[in-house]
Every structure is written in C-alpha cells, then in structure tokens.
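Asks:
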Amino acid sequence: MGWQPALSSLSQASAQLILLFGSPALLQPSSPLHEILTAYPHAYVLGCSTAGEICDTQVSDNSLVATIIQFEHTEIHCYFIHLLPEEGSFEAGKRLSQLLSPHGLTHVFVLSDGLQVNGSELVKGLGCHLPPHIGVTGGLSGDGDRFQQTFILCNGQVNSGMIAVLGLYGDRLRVGYASQGGWSPFGPERVITKSRGNILYELDGEPALELYKRYLGDHAAELPAAGLFFPLSLRLETGNGHLVRTILSINEAEQSLTFAGDMPEGTIAQLMQASFDRLVEGAIQAAEISHQALGGVPADLAILISCVGRKLLLKQRIEEEVESVREVLGEQTILTGFYSCGEISPCSLGAPCELHNQTMTITTFAET
65 MGWQPALSSL
75 SQASAQLILL
85 FGSPALLQPS
95 SPLHEILTAY
105 PHAYVLGCST
115 AGEICDTQVS
125 DNSLVATIIQ
135 FEHTEIHCYF
145 IHLLPEEGSF
155 EAGKRLSQLL
165 SPHGLTHVFV
175 LSDGLQVNGS
185 ELVKGLGCHL
195 PPHIGVTGGL
205 SGDGDRFQQT
215 FILCNGQVNS
225 GMIAVLGLYG
235 DRLRVGYASQ
245 GGWSPFGPER
255 VITKSRGNIL
265 YELDGEPALE
275 LYKRYLGDHA
285 AELPAAGLFF
295 PLSLRLETGN
305 GHLVRTILSI
315 NEAEQSLTFA
325 GDMPEGTIAQ
335 LMQASFDRLV
345 EGAIQAAEIS
355 HQALGGVPAD
365 LAILISCVGR
375 KLLLKQRIEE
385 EVESVREVLG
395 EQTILTGFYS
405 CGEISPCSLG
415 APCELHNQTM
425 TITTFAET
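Here the sequence shown is numbered in the numbering used here, starting from 65 and rising by one per residue.
(1) Would you grab the beta carbon distance between His146 and Asn262 for me? Rounded to a whole angstrom, and I think it's under 8 Å.
(2) In terms of DSSP beta bridges, what is Val174 paired with?
(3) Are the Cβ atoms of Ile128 and Phe85 separated by less than 9 Å?
(4) Using only alpha-carbon positions, find the residue among Gly245, Thr201, Tyr143, Gly231 that is nearest to Gln221.
(5) Helix, strand or coil: how does DSSP classify Asp125 here?
(6) Relative to the C-alpha of Met336, which candidate in Gly251, Ile311, Glu266 has its C-alpha closest?
(7) Expressed to the nearest angstrom, what Euclidean distance is found between the alpha-carbon atoms of Pro96 and Ala107?
(8) Looking only at C-alpha atoms, which of Glu270, Pro149, Ile198, Ser113 sits nearest to Pro88?
(9) Looking only at its own chain, which residues have a Cβ that is under 6 Å from the Cβ of Lys188, when we skip the five neighbours before and after it?
(10) Can you tell me the Cα-Cα spacing of Ser205 and Ile382, whole angstroms?
(11) Does the count of Cβ pairs from the region 370-378 and the region 284-302 closer than 8 Å reach three?
(12) Can you list, in chain order, the residues of its chain whose CB lies under 6 Å from that of His137, leaving out five sequence neighbours each side?
(13) Which runs of the alpha helix (DSSP H) at least 4 residues long sit entirely within the region 354-423? Give them in chain order.
(14) Whose CA, out of Leu365, Glu270, Leu393, lies closest to the CA of Ser259?
(15) Is it buried or exposed, Thr102, if we count other Cβ atoms within 10 angstroms and call 16 or more buried?
(16) Assess contact between the region 322-332 and the region 348-355, defined as three or more Cβ pairs (one per stretch) separated by less than 8 Å. Is contact present?
(17) Given Arg299, which residues of its chain have a CB within under 7 Å of its CB, disregarding the five upstream and five downstream residues?
(18) Between Met424 and Ala285, what straight-line distance do the alpha-carbon atoms span, to the nearest angstrom?
(19) Considering only residues of the region 255-314, which uninterrupted alpha helix (DSSP H) runs meet the minimum length of 4 residues and lie entirely inside it, listed in chain order?
(20) Quick check on Gln244: buried or exposed, where buried means 16 or more other Cβ atoms within 10 Å of its Cβ?
(21) Let's see if you can read the secondary structure: which residues bound the beta strand (DSSP E) around Leu194?
(22) Report buried or exposed for Glu316, applying the criterion of at least 16 other Cβ atoms within 10 angstroms of its Cβ.
(23) Identify which residue in Pro149, Val389, Gly359 has its Cα closest to the Cα of Met226.
(24) With 16 other CB atoms within 10 Å as the buried threshold, where does Asn126 fall?
(25) Taking the CB atoms as reference points, tell me whether Gln180 and Glu253 lie closer together than 9 Å.
(26) Quick check: the region 386-394 against the region 276-283, are there 3 or more CB pairs under 8 Å?
(27) Drop a sphere of 10 angstroms on the beta-carbon of Asp207, count the other beta-carbons inside from all chains shown, and report buried for 16 or more, exposed for fewer.
(28) Apply the 10 Å Cβ neighbour rule to Glu301 and answer buried if 16 or more other Cβ atoms are within range, or exposed otherwise.
(29) Less than 9 Å separating the beta-carbons of Val109 and Ile118?
(30) Please state if the CB of Arg342 and the CB of Ser248 are separated by a distance shorter than 9 Å.
(31) Bridge partners of Arg238, per DSSP?
(32) Of the choices Ala130, Thr427, Gln122, whose alpha-carbon is the least far from that of Leu90?
(33) Who are the Cβ neighbours of Phe215 in its own chain at under 7 Å, not counting the five residues just before and after it?
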C-alpha cells in the first residue's frame, strides 16, 4: 500500500524528528524504512518494534507508523548505545545518560529493548547523571505476544539489545506525563521472600512459579503469555501507591518468574485482574493528568505507550482506550504511540520515575 499520505506531501526540509513505531518485520532495512531514511536525511529517526501501533485513534498490527515533527523553539539530540557483554541495565542507563548535556535540558524520552533490559535498573541508571527535576518517559519495545526479540531504531541503526534517548532542550517547551492502570487486586497479599533483581523465586516461602500456576488454573499452560492477564502488584514503600509487574519468562527448573522490573525482597505483592471499563478509565485518568500538567496549554503532540497486556485483554475494544484519550486532549492533538513490554514514567509530575507494566502512559508536548 505504501505510505499514506505519501511522503512527498510532507515538509521534508523542516523535519527535525521522526518517531517510527512498527512490527518487527517492517523495521528491517527494507523499502518502507529505507524510504523514510532517504526522504528525511537530516532528521533524527527514533523508534522501536511494537505489539501494536497507534496512529490517531486507530490501533493496528503489522504496520509502520511515522510521526514527522518540527519544533519552533526546541532543540533536540538523540543518542543510542548497545548493551555490552555482561553489562547490567543500571550501568547501561548511567552510560547513556552521560551522553546528554544537562544544560537547558527540559525532558528525556527513552526507548529500550523490551526483553534484554531490566527497566527498573535502567531508570535508576538514567537518573544518576540527570538533573533531579528532569522528567523521563518512554517505554520498552515489543514483538506482539511472542516475547522473542525486540528492536530499537535510532539514526539508521536497527538492532536488538539497544537503548536510545531523546533529549529535548528549551524553556518554551511544556511537557506533561502520567501513567495509570485500571487493574484490581484479588487474592491475599504475600511477601516476596526470595528474589534477585527482576527474578522472583519465592512468595511467602513458597516457590513462585508453583504458587502462580495454582492461581492461574487452566491458564497456567499458556505461560508466560497468560501472565499478561494476571500481573503482580507491588506496594510502594512510601505512600499508598503500587507498581504493576508483568511476567517476561518462566524457569521450570528453578520454579522462578522473570519480570520486566525489579522484585525487591520484603515487598508486599498481590495478584491483579482487570475489567474493560476499569482499563478505559485508567486511560482517561492518564490523559487528564498529562493534560492538566501543561497548565492550560493544549497539547500539540501526545505519545501513548500502552501495555501489550491491555491490548490482549481489550481485544476488539482496544480502540476505546485511545478514543477516550482523544476526547480528553481534543482534536488538535496529534496522537501516536505503541503497545509495549513496559512503560517508563512518573505517575504524575513531581513523582519519581518508575517502570510500569499494564498501564496507559501518556507524554504530552506543547510549545509556548
């Protein structure tokens, strides 16, 4: 079918940034990607593989969505790194953040490999060399519900095991963000009694995989994909907040579960489930918070990053959560985004940045 609208109808000389989200098969050096790189040789091109692409209020699979952006008063810089052998996600985050100059920095947007990176440790590492008031948002790349290999695209490079950051500079840029879920806890609370990083071994002294399978019943045979429907909630040490964690893989021999983010020992955990209405309400809340953070200025652009688990649960109703965001932000806002293996954002302005799973995470941009 080709690009719609055609690339020739868009302003090529003034483009500064192209966000590109697509299925893994289309992020290869083939015709669609080559056409973008050729048509916009002076623009930064940043993107990733997905579990679904968002363009306006349409959610599609096996497509490539390009959002071509020109800022009037904002300077941008884009960098990427490859994970080094034996390098931890924390050290990778530190190394990447050192590439960004802090002078005049307004916001950082990050895209990461979705399977080889511990998102919690990545966020901690990024924070080591960034000013404390700088917001960080983004997400972990996806590959549908396969959990096999994900890709990052940055400045002509496409590969797994990559992490890329976009630094936005200028005092006339306004950025809002929020991350909300819509999941409900069920079953008893349990204590994480044995874990290492993002690997969970025991809950209340019982093997984690054995306990998890008991709760999932017939769904256990479909792990790890079935874990998308039954994530774990972690109670934060401060306040009443919670983080949601989704399974990436299982280890039958160790009876362990590997999650997208850290599972600290001593943390209170609880299984969760969702309803259609609560998930859509979570998207509405994220849109409202990110809109209010702009201080009354309408958003020019909104990047929506929602979890693959929400997509698999909502099924044919998936566009309802995107349409609800449109109703909050208004018709003037360009909507783009993707379905992910994890979302990176503070819950709201002023909160610490965290890795989330199973949320709708929205970053809004406006220039004044």
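Glycine included, C-beta positions come from ideal geometry on N, C-alpha and C.
It should be emphasised that the depicted structure is a prediction, and the values quoted were computed from it without experimental measurement.
Replies: Judging by the given coordinates:
(1) At roughly 20 Å, the Cβ-Cβ gap does not stay under 8 Å, so His146 and Asn262 are not in contact.
(2) DSSP output for Val174 lists Gly202, Val229 as bridge partner(s).
(3) According to the sequence displayed, residue 128 carries Leu and not Ile. Yes; because the gap between Cβ atoms is below 9 Å, this pair is in contact.
(4) Ranking the options by Cα distance to Gln221, first place goes to Tyr143.
(5) In the structure shown, Asp125 sits in coil (DSSP, three-state: anything other than H, G, I, E or B).
(6) Of the candidates Gly251, Ile311, Glu266, the one whose C-alpha sits nearest the C-alpha of Met336 is Gly251.
(7) The C-alpha of Ala107 is placed about 16 Å away from the C-alpha of Pro96.
(8) Nearest of Glu270, Pro149, Ile198, Ser113 to Pro88, Cα basis: Ser113.
(9) Only Phe154 meet the Cβ criterion.
(10) Cα to Cα, the separation comes out at about 19 Å.
(11) In short, these stretches touch, since the Cβ pair count reaches three.
(12) Take His137, set aside five residues on each side of it, and the residues of its chain with a beta-carbon closer than 6 Å to its own are Gly234, Arg236, Glu431, in chain order.
(13) Counting only runs of 4 or more, we get 372-378, 383-393.
(14) It is Glu270.
(15) The residue is exposed, with fewer than 16 neighbouring Cβ atoms inside 10 Å.
(16) Counting Cβ pairs under 8 Å, fewer than three are found: no touch.
(17) Sequence-distant Cβ neighbours of Arg299 in its own chain, meaning closer than 7 Å and more than five residues away, are His306, Thr331, Ile332.
(18) A direct Cα-to-Cα measurement between Met424 and Ala285 gives close to 28 Å.
(19) Within the region 255-314, the complete alpha helix (DSSP H) runs of at least 4 residues are 272-280.
(20) The Cβ neighbour count for Gln244, taken over all protein chains shown within 10 Å, is at least 16; the residue is labelled buried.
(21) Per DSSP, Leu194 belongs to no beta strand (DSSP E) and is neither H nor E.
(22) With fewer than 16 Cβ atoms within 10 Å of its Cβ, Glu316 is classed as exposed.
(23) With distances taken between Cα atoms, Met226 lies closest to Pro149.
(24) Exposed, because fewer than 16 other Cβ atoms sit within 10 Å of the Cβ of Asn126.
(25) Between Gln180 and Glu253, the C-beta spacing is not below 9 Å.
(26) Segment contact: the region 386-394 against the region 276-283, fewer than three CB-CB distances shorter than 8 Å; contact not assigned.
(27) The residue in question, Asp207, is buried, as its Cβ has 16 or more Cβ neighbours within 10 Å.
(28) The residue in question, Glu301, is exposed, as its Cβ has fewer than 16 Cβ neighbours within 10 Å.
(29) Remark: C-beta atoms of Val109 and Ile118 do not approach each other more closely than 9 Å.
(30) A Cβ-Cβ contact shorter than 9 Å links Ser248 with Arg342.
(31) Answer is Ala430.
(32) Comparing Cα-Cα distances from Leu90 to each of Ala130, Thr427, Gln122, the minimum goes to Ala130.
(33) So the list reads Pro88, Leu91, Cys112, Ser113, Ser205, Val222, Asn223, Ser224, once near-sequence residues are dropped.
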